[in-house]
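A quick write-up on the structure given underneath.
Protein chains: 2
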Amino acid sequence: MSDSTERSRTKIEEAKDKVIGAIAETMDLYGVTPAAANLYATMYFKDQMTLDEMRTELGMSKPSMSTSVRKLQEIEMVKKTFTRGSRKHTYVAEKNFFRSFMVFYCQMWEREIKMNMEAVEEAQEDFINVIKDSTSTPEIVAEAKQYYDQLEESKKYYHWLEDLVASIKSGKIFEFLPKDQQD
Amino acid sequence: MSDSTERSRTKIEEAKDKVIGAIAETMDLYGVTPAAANLYATMYFKDQMTLDEMRTELGMSKPSMSTSVRKLQEIEMVKKTFTRGSRKHTYVAEKNFFRSFMVFYCQMWEREIKMNMEAVEEAQEDFINVIKDSTSTPEIVAEAKQYYDQLEESKKYYHWLEDLVASIKSGKIFEFLPKDQQD
DNA sequence: AAGTTTGTTAAAAATTTATTTAACTTTTTA
DNA sequence: TAAAAAGTTAAATAAATTTTTAACAAACTT
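Structure, rendered in structure tokens:
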């Protein structure tokens, strides 16, 4: 390989590494481990990879790659592919950021909605019982009512978030905010 | 205090704790420490709090409260208030989840857009240089072009995310997804 | 201005999380 | 079906983060 070819290869690798570094750095804000973040960013520039290729490329242990790839599959940023001829499993990175966005945030928000709404509903029932309890003093009734109302108000937000998730899942949000705008 | 009053008070506390637990649990997915998550959730049911009240209520150290409250101020989930008569600082929790949502995700997404777009722009320049380099072999030019195109495609997503942030900041998104829907 | 209270910074301890090594299970193929 | 290869689970180690204790700085009171 000639000197200039080698120099070009190096430049390409350096350019990729800039993007890999940026993606990996922002990704651990998404609740994945550094290993998983690095792995995804690396796979972003690859067609497909096996566990052994991942281990070699990142210089990490195989179980670490196995765990990372599973976590990435959970948030659908990596998918398993069938490659005939090879008995090793092969994986590909989701390269469409729109899809990653949709899956990740919908998952996150649905979890939040479910968990918080359940607690809110239960708590509201409790407050109603206190309000209906004939032995409750006026002060206590007033307090319970105030908390009940605060929770009722918060439900508006969770309903809105539900709508947001639905519009992302259905793709309706792209009618409001087109994927390709002309500025 | 009568038995039944005491029982009602306990029920109110239990009801609040359900919500506090749920909020705290979902919040540490938002990148805050357990102490900060618990603190915010606790403050959600309080008018205002001083550092000493926080320490007493959560049974944690003062520096921990100080750090947590600062972190919560950064993401604008807590604000400092002036209470004349008291020389202690007092803080209030943002109780409008819409506002917390806007500040948190806009901050998060703007950081992601900035960091990744900068890397993408730099990398694209590098790829262009390789492509323009007269000593580059056809294979190398093809490879550089492919990566360049992949990054160009990714910019559509970042532009879309910019639009999403803008529509959240301006409130325009609520024309598309109203805060109070009637189902 | 001295003393006291409040809040912050810095170093240390404790806890949690991430990664690795080693053992084990499953799958493949010969 | 036995041997080998691939992948996963579990325990142990390592690393990073969170929290606390202790020392310090700033602000208020008298």
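Protein chains in written order, with the numbering used here: chain U, -7 to 175; chain B, -7 to 175.
Backbone N, C-alpha and C define an ideal beta-carbon position, used for all residues, glycine too.
Round the Cβ separation of tyrosine 36 of chain U and alanine 115 of chain U to the nearest angstrom and send it over; I've been treating them as touching at under 8 Å.
-> At roughly 43 Å, the Cβ-Cβ gap does not stay under 8 Å, so tyrosine 36 of chain U and alanine 115 of chain U are not in contact.
Quick one: does threonine 34 of chain B have its CB under 8 Å from some CB of chain U?
-> no
In the DSSP assignment, find the beta strand (DSSP E) that holds tyrosine 83 of chain U and state where it starts and stops.
-> 82 to 85
From the DSSP output, which residues share a beta bridge with threonine 73 of chain U?
-> U/Thr82
For threonine 73 of chain B, collect the residues of the same chain with a Cβ closer than 8 Å to its Cβ; drop the 5 residues on either side in sequence, then sort them by chain order.
-> Gln40, Thr82, Tyr83, Val84
Nearest-angstrom Cα separation, counted from alanine 29 of chain B out to methionine 19 of chain B = Just so you know, the alpha carbons of methionine 19 of chain B and alanine 29 of chain B end up roughly 6 Å apart.
8 Å Cβ cutoff, lysine 171 of chain B in contact with chain U | yes
In three-state DSSP terms, what is methionine 52 of chain B?
-> coil
Kindly confirm or deny that the region 2 to 14 of chain U and the region 40 to 50 of chain U touch, where touching means at least three C-beta pairs closer than 8 Å.
-> no
Helix, strand or coil for threonine 59 of chain B per DSSP?
-> Note: threonine 59 of chain B maps to helix in three-state DSSP.
Contact list for leucine 21 of chain B against chain U, beta-carbon separation under 7 Å | Gly23, Met100
Of all the options B/Glu68, B/Ser56, B/Glu110, which has the alpha carbon lying nearest to the alpha carbon of phenylalanine 90 of chain B?
-> B/Glu68
List, in order along the chain, the chain U residues whose C-beta lies closer than 8 Å to that of aspartate 141 of chain B?
-> Those do not exist, as aspartate 141 of chain B stays about 11 Å from chain U at its closest Cβ, beyond 8 Å.
Would you say methionine 41 of chain B faces chain U, with C-beta separation under 8 Å as the test?
-> no
Buried or exposed: which applies to alanine 158 of chain B, given that a residue is buried once 16 or more other Cβ atoms fall within 10 Å of its Cβ?
-> Exposed, since its Cβ has fewer than 16 Cβ neighbours within 10 Å.
Every unbroken beta strand (DSSP E) inside the region 96 to 126 of chain U [3 residues or more] | Qualifying beta strand (DSSP E) stretches: none in this window.
What distance in whole Å lies between the Cβ atoms of isoleucine 160 of chain B and methionine 57 of chain B, which are believed to be in contact at a cut-off of 8 Å?
-> About 31 Å; that fails the 8 Å criterion.
Please go through the same chain and pick out, in chain order, the residues whose beta-carbon is closer than 7 Å to the beta-carbon of tyrosine 139 of chain U, but skip the five residues on each side of it.
-> Phe119
From glutamate 167 of chain U to glutamate 145 of chain B, what does the alpha carbon distance come to, in whole angstroms?
-> 20 Å
Contact with chain B by valine 11 of chain U, beta-carbon distance below 8 Å | yes
Pull up the distance between the alpha-carbon of aspartate 44 of chain B and that of arginine 76 of chain B, whole angstroms please.
-> 17 Å
Between the CA atoms of leucine 153 of chain B and asparagine 108 of chain B - distance to the nearest angstrom | 12 Å
Using Cβ-Cβ distances below 7 Å, what residues of the region 145 to 171 of chain U are close to chain B?
-> Ser146, Lys148, Tyr149, His151, Trp152, Asp155, Leu156, Ser159, Phe168, Leu169, Lys171
List the residues of chain U that methionine 107 of chain B touches, going by C-beta distances under 7 Å, in chain order.
-> Ala14, Glu17, Thr18
Valine 122 of chain B CB to nearest chain U CB: under 8 Å?
-> Valine 122 of chain B counts as touching chain U.
The alpha helix (DSSP H) spanning isoleucine 4 of chain U covers which residue range?
-> -5 to 19
Report the rounded CA-to-CA distance for alanine 176 of chain B versus proline 130 of chain B, giving the unit in angstroms.
-> Residue numbering for chain B in the displayed model covers -7 to 175; residue 176 of chain B lies beyond these limits and cannot be assessed.
Lysine 148 of chain U to tyrosine 97 of chain B span [Cα, whole Å] = 18 Å
Supposed contact pair serine -4 of chain U and tyrosine 25 of chain U - C-beta distance, whole angstroms, cut 8 Å = A small fix is needed here, since residue 25 of chain U is threonine in this sequence, not tyrosine. Contact flag wrong, Cβ pair sits at about 39 Å.
Tell me the DSSP bridge mates of methionine 41 of chain B?
-> B/Tyr83
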